[in-house]
Structures are given as structure tokens and as C-alpha cells.
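Below is one structure, written out as C-alpha cells; the observations come after it.
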Amino acid sequence: MLSATSLVIEKAIKLAKRAVLCDKCFGRFFANLGFALDNETRGSSLKTVICMIASSLLGKEDQEAISILQNIAKTGFKAARELLAKNGFDVPETSPCEVCGGLLYEPLRQLAEKVIVSLLEYDFNTYLVGCKVPGNIVEKEDDIRSYLEVDWGESIKREINREASLIIMSKTGKKPEFQKPDVLIVLDFHKMVAEIKPSPVFIYGRYRKLIRGIPQSRWFCSKCRGTGCPECNWTGKRYELSVEELITKPIIEKFEAHRARFHGAGREDIDVRVLGSGRPFVVEVLEPKKRFINLEELQREINERSQGIVEVLGLSYTDRSTIGKLKLSAKVKAKTYRALVMTEEPLERGTLETLSKYFQGATIRQWTPRRVLHRRADKLRMKKVYEVKVMDVKDNTFEVWIKCQGGLYVKELIHGDEGRTSPSFQEILGTKLRVLELDVLEVED
567 MLSATSLVIE KAIKLAKRAV LCDKCFGRFF ANLGFALDNE TRGSSLKTVI CMIASSLLGK
627 EDQEAISILQ NIAKTGFKAA RELLAKNGFD VPETSPCEVC GGLLYEPLRQ LAEKVIVSLL
687 EYDFNTYLVG CKVPGNIVEK EDDIRSYLEV DWGESIKREI NREASLIIMS KTGKKPEFQK
747 PDVLIVLDFH KMVAEIKPSP VFIYGRYRKL IRGIPQSRWF CSKCRGTGCP ECNWTGKRYE
807 LSVEELITKP IIEKFEAHRA RFHGAGREDI DVRVLGSGRP FVVEVLEPKK RFINLEELQR
867 EINERSQGIV EVLGLSYTDR STIGKLKLSA KVKAKTYRAL VMTEEPLERG TLETLSKYFQ
927 GATIRQWTPR RVLHRRADKL RMKKVYEVKV MDVKDNTFEV WIKCQGGLYV KELIHGDEGR
987 TSPSFQEILG TKLRVLELDV LEVED
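In this text, residue positions in the sequence shown follow our numbering: the first is 567, and each later residue adds one.
Have a look at this one:
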């Protein structure tokens, strides 16, 4: 016990010899010692003990003791200043802390209070504080830590984050959260500004695309790449509307967000409708000021504004992990389609029924379709067809329902893509086929 105590005092004296430090910075080098103490109390207590030791040496005019007291006195420490004055020694003028320069006091309080005002614009229950400090402060702190040759302390950044967090908690009643905070608060002591970074909000739902002719995501003009030109009537877009824009625009407005990302469980062609229970999606709402929005009301607003083009169902809050699950499920989970197909010559229902038997549980070898080769790698996919049902036959057209594995190109399953998809309906029936209509009826997630 005594040896440990003497080591702490020895290191405290060594620190007082080396640097002029405020109570908080002095105490921070001993932050892991003691319980239920803040660094300011630690620093003040250690300085008091040093003053008591030094006072016993002043009568001998011990120059080291005088020098240490003067260093402590420079920080405005009352006991050191009075002790020097009482014994007739020079009392130095006060000077800023050699590490923080006073940053841990008024500047910290001012910046914390400034951010509290800014936080009034945001919905949040939890927060996390981070900070940026001038590099010379960190360098000075590291130099002193190396000089002391002990690892009892904590960094100034950690102290700033904790102290600012306590101020924010006391004023707002909100709680710090280290894993998934609603907002990240960054105190920048270079510029004396506070930056608020809201965490994304994630909304899960399903959409039904009720008309043909619109893409799932915003499609930039191929001429101007989104900057605007005569070709696109200065919109920057190839198509005026998209599922993504119809869904995300009301969400961005409602959440007062900077922007939003749309993540779908796969995608359909522009000329394909999505019916039935719809296609799963997640909207990632970026930098939202509001985060506690009534999703039933939001769903109603999206559907009203979409005017029968798109409909969303079952909106609910979720988290980032759902995006990965959606992307994975899109490649493997079953999808059900309805196709209206034209044959080169009329076929009997009995002939068409061979499709049901042949493709029950069939494995399809499918190379990347020619129509998407310009944007996708040419590779072989092995996909399953689970079930085929011929629903209606009229002259040289028939309607068929197809249940298959996600990632299978259904149009190519039907017409064969000049042999790049095999087996295909066209290959089995022995006549040319053309897809007139295609609808997505069900998407598993």
C-alpha cells in the first residue's frame, strides 16, 4: 500500500515538475486511479498533496520545491499561490494549461450548449459524442504520457466526449448510446462548431407496380448522365417517373431527410407489373431530422400521391441487416410470375400442358441474357423452376403461371434467347414464342 502510494505521489511530483497543467489535465493522467472521482477532483487532490509536501521544504529554501509550487501556481491553484506568498517567494502570473489551453472549461461548455440548441431541430432518444481537437494538443499529451512512463490515464478526447455528454444529458434528458445512437454529435474544436449526424432510419415494406412502362429506380439520361440536356428535356432522366422516386420523395419530405436510398428484393423490367402481395423493399432514410413518423399515415400519403401507379403495403421500421437479407433472398427465394405468350402457330392445350410436366422441378442453364450483356458479366446461372401452370389458351396466345427460383430471367425461360437459356418453353414446344405481358405475382422474402 505504502509503496503504491509513494509511486503515485512520485509520478504526480514528476508531472508537476514537467508541465503547467489545469486540474482536469493533471488529474487525467491518473484517471484510472480512484473511484467516483472526476479528473478535476483528482488533479486538485494531487496538487494539494504536493503543496503539503513542498511546504515542509520551503524553510530550507529547497529550489526544486519552489519550482514545483510555482508551476502549480501558474495554473491559478490557490493553495500554491498562497503558500508562495506567505513564505516570501515570487508568485508567478497565471498562464494557460500547456495541454488543453483552457479548452476543457469555457470552450467545451459553450460548444456543448451550442449543440443543445441545434438538437432542438432533431428527433432523437439516444446520442453519442465524438470530437476533433488540434493535433498539437494530442502530441503534447502523448509526450507527457511517455515522460511519466505509466498508463494510468485517459485521452483528452475521451474526457471531452464524456463531459460534453453529461452536459447534453442534463439539458435534454436523453441518454448516450455507444452501439446504435440516433444521432452522432461531433464537436470540432478547430473551428468551434458542432456537427450533428443523424443515423439512418430504415423502413421495410412491399410495393405493387400497377402499370407498365416505369423503371424501379431512377434512370439517368444516357446522353447527359443526369446533368440535363435537350434529349431529356433538361430533366436528367430517361423516364419521368420511377418506383423509387414515387416512394422515396414523400419519405424524404416527411422525415426532413437529406436523401434516401432504395433497396429492392430484385428488380423487374420496365414493361413488367408487380401485383399480388408486392415486392419487398427497404428505404434507407439518410440524415433525417425527424425519425418518429407514423408509418400508417405515411403509407396512405405515398399511395395517394402515386395516383394508382404504385402502391406500398405494410410499412414498418427495421434495421440495416434487412437490406442484406433482401439482397440474399432475391437470388434464391421463389417468385411467381404470370406471362401472356404468343405462339407462331396455334397450339392445343394438351401440347401446352407438356410444359407443366417437363418443367416441374427442372434445372435451367441460363447464360446472361443478350439484352443485358452490355451492363452485366456473361456468366452461367443454374436456376430451378418449381411449377408451371397453363391457365388460359386462346388462338395463338396462352397465359401461364411460373413459380421459379429468384434470379431466373423469365422472358428468356420462355423464348430461349437463341439457345442461351436451356431448356426453354420454345425449345420444348418446337415453335417460336414471344412474351406479350409479364407480371410478378408473388415474391417470397
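Glycine included, C-beta positions come from ideal geometry on N, C-alpha and C.
Since the structure is predicted, the reported quantities are computational estimates derived from the model, not experimental observations.
One alpha carbon belongs to Glu797, the other to Lys803, and they sit about 9 Å apart. Between Leu999 and His981, the C-beta spacing is below 8 Å. Within the stretch 568-654, the runs of alpha helix (DSSP H) at least 4 residues long that lie entirely inside it are, in chain order, 568-584, 589-594, 605-621, 629-639 and 644-652.
Taking C-beta atoms as the reference points, Leu1004 and Val840 fail to come closer than 8 Å. Note that the stretch 677-690 touches the stretch 750-763; at least 3 beta-carbon pairs, one per stretch, sit closer than 8 Å. Shown here for Ile733: same chain residues with a beta carbon closer than 6 Å to its own, the five before and five after excluded, namely Ala678 in chain order. Around the beta carbon of Gly972, 16 or more other beta carbons lie within 10 angstroms, which makes this residue buried. Residue pairing from DSSP places Glu850 in a beta bridge opposite Phe768 and Arg827. Within the same chain, and ignoring the five residues on either side of Leu892 in sequence, the residues whose Cβ sits closer than 8 Å to its Cβ are His829, Gly830, Ala831, Pro846, Phe847, Val848 and Asp1011. Taking the CA atoms as reference points, Val699 sits about 16 Å from Pro662. Arg931 counts as exposed, since fewer than 16 other beta carbons sit within 10 angstroms of its beta carbon. Looking only at Glu819, Trp785 and Leu587, the smallest Cα-Cα distance to Ser610 is reached by Leu587. The three-state secondary structure of Ser684, taken from DSSP, is helix. Annotation: the continuous alpha helix (DSSP H) that includes Ile889 extends over Ser887 to Val898. Per DSSP, Phe786 is not a residue of any beta strand (DSSP E), being assigned neither H nor E.
One alpha carbon belongs to Ser621, the other to Glu627, and they sit about 10 Å apart. For the pair of segments examined, the stretch 893-902 was found not to touch the stretch 852-868: the number of CB pairs separated by less than 8 Å stays below three. Taking C-alpha positions only, Asn653 is separated from Ile638 by approximately 16 Å. For the alpha helix (DSSP H) assignment, the uninterrupted runs of no fewer than 4 residues enclosed by the stretch 710-783 are, from N- to C-terminal side, 722-738. Per the Cβ contact rule, the stretch 867-883 is not in contact with the stretch 946-963 (fewer than 3 Cβ pairs under 8 Å). DSSP places Lys955 in the strand class (E or B) of the three-state scheme. Using a 10 angstroms sphere on the CB of Glu806, the tally of other CB atoms stays under 16, which defines it as exposed.
No residue range can be given for Thr793, since it is assigned to no beta strand (DSSP E) and is classified by DSSP as neither H nor E.
DSSP places Glu811 inside the alpha helix (DSSP H), whose first and last residues are Val809 to Phe821.
By the beta-carbon neighbour count (other beta carbons within 10 angstroms, threshold 16), Lys746 is exposed. Under the three-state reduction of DSSP output, Phe991 falls in the helix class.
With distances taken between CA atoms, Leu913 lies nearest to Gly996 out of Glu877, Gly996 and Thr692. Apart from the 5 residues on each side of it in sequence, Leu612 sits with its Cβ closer than 6 Å to the Cβ of Ala578 in its chain, given in chain order.
With fewer than 16 other Cβ atoms from the protein chains shown falling within 10 Å of its own Cβ, Lys583 counts as exposed. Phe690 sits in coil when the DSSP states are folded into three classes, being neither helix nor strand.
Asn727 is classed as buried because its beta carbon has at least 16 other beta carbons within 10 Å across all chains shown. Of the candidates Val767, Ser765, Leu694 and Met758, Leu694 places its Cα closest to the Cα of Lys741. Residue Lys590 holds the alpha-carbon nearest to the alpha-carbon of Leu670 among Gln636, Lys590 and Ile634. Leaving aside the five residues that flank Glu953 on each side, the residues in its chain whose CB is nearer than 6 Å to its CB run, in chain order, Lys969. In its chain, beyond the 5 residues on either side, Phe786 and Gly802 have a beta carbon closer than 6 Å to the beta carbon of Gly792. For Tyr975, there is no enclosing alpha helix (DSSP H), as DSSP marks it with neither H nor E.
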